[in-house]
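Trainee:
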Amino acid sequence: MRLRSDIWVSAYMRRCRIEGAFAYLRRRGAEEAGAIFIKLDALDGSVRLFGPAPQYAVEDRGADRLFIELPLKGDIPALAAEEKLQREISFDPDLWVVEVEDRAGRHFLNVVEV
Numbered sequence: 000m001r002l003r004s005d006i007w008v009s010a011y012m013r014r015c016r017i018e019g020a021f022a023y024l025r026r027r028g029a030e031e032a033g034a035i036f037i038k039l040d041a042l043d044g045s046v047r048l049f050g051p052a053p054q055y056a057v058e059d060r061g062a063d064r065l066f067i068e069l070p071l072k073g074d075i076p077a078l079a080a081e082e083k084l085q086r087e088i089s090f091d092p093d094l095w096v097v098e099v100e101d102r103a104g105r106h107f108l109n110v111v112e113v
């Protein structure tokens, strides 16, 4: 059984704060099953974006939520990240967006390679 999105986001934000990162909710989505996107800002001009992993990557693993890096590796311009998020929101208005600021660039997510 999958953890509700609102509970997962709350726990994730708490974990970030415990680890010394700053996390805040930019967009609240559907409580039960909204997709979750994480925008990571290392406060040096670099931004990374993470979104839900495709279903085929999730089936083989026991983790509650798995993520992939969008657009599949590395830093992207902040404007490109915002444009990607806006496209996702127009496609799925029930999604969540959490922004994390961490100088070390830590994301605290279960990330899979696709």
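Every letter in the sequence shown is one number past the one before it in numbering that gives the first Met the number 0, and letter 113, counting from 1, is 112.
For glycine and all other residues, C-beta sits at the position ideal for the given N, C-alpha and C.
In terms of residue numbering, what span does the alpha helix (DSSP H) encompassing E68 cover?
Mentor: As a first step, residue 68 must be located in the sequence shown, where it is residue number 69. Taken as a continuous stretch (DSSP letters only), E68 belongs to no alpha helix (DSSP H), being part of the beta strand (DSSP E) at F66 to L69.
Trainee: Tell me where the alpha helix (DSSP H) around F90 begins and ends.
Mentor: Translated into positions along the sequence shown, residue 90 becomes position 91. Taken as a continuous stretch (DSSP letters only), the alpha helix (DSSP H) holding F90 covers A77 to F90.
Trainee: Could you check where the alpha helix (DSSP H) with A10 kicks off and where it finishes?
Mentor: To locate residue 10, count along the sequence shown from 1; it is residue 11. A10 -> alpha helix (DSSP H) spans S4 to I17.
Trainee: Relative to the C-alpha of F107, which candidate in S9, L2, W7 and R14 has its C-alpha closest?
Mentor: As a position in the sequence shown, residue 107 is number 108, starting the count at 1. Measuring from the Cα of F107, the nearest candidate turns out to be R14.
Trainee: The beta strand (DSSP E) spanning F36 covers which residue range?
Mentor: Counted from its first residue, the sequence shown places residue 36 at position 37. Start and end: I35 to D40.
Trainee: On the CB-based measure, 16 or more other CB atoms within 10 Å of its CB, does Y23 come out buried or exposed?
Mentor: In the sequence shown, the residue the question calls residue 23 occupies position 24. Its Cβ having fewer than 16 others within 10 Å, Y23 is exposed.
Trainee: What do you get for L94, buried or exposed, if any count of 16 or more other CB atoms within 10 angstroms of its CB means buried?
Mentor: As a position in the sequence shown, residue 94 is number 95, starting the count at 1. Result: buried.
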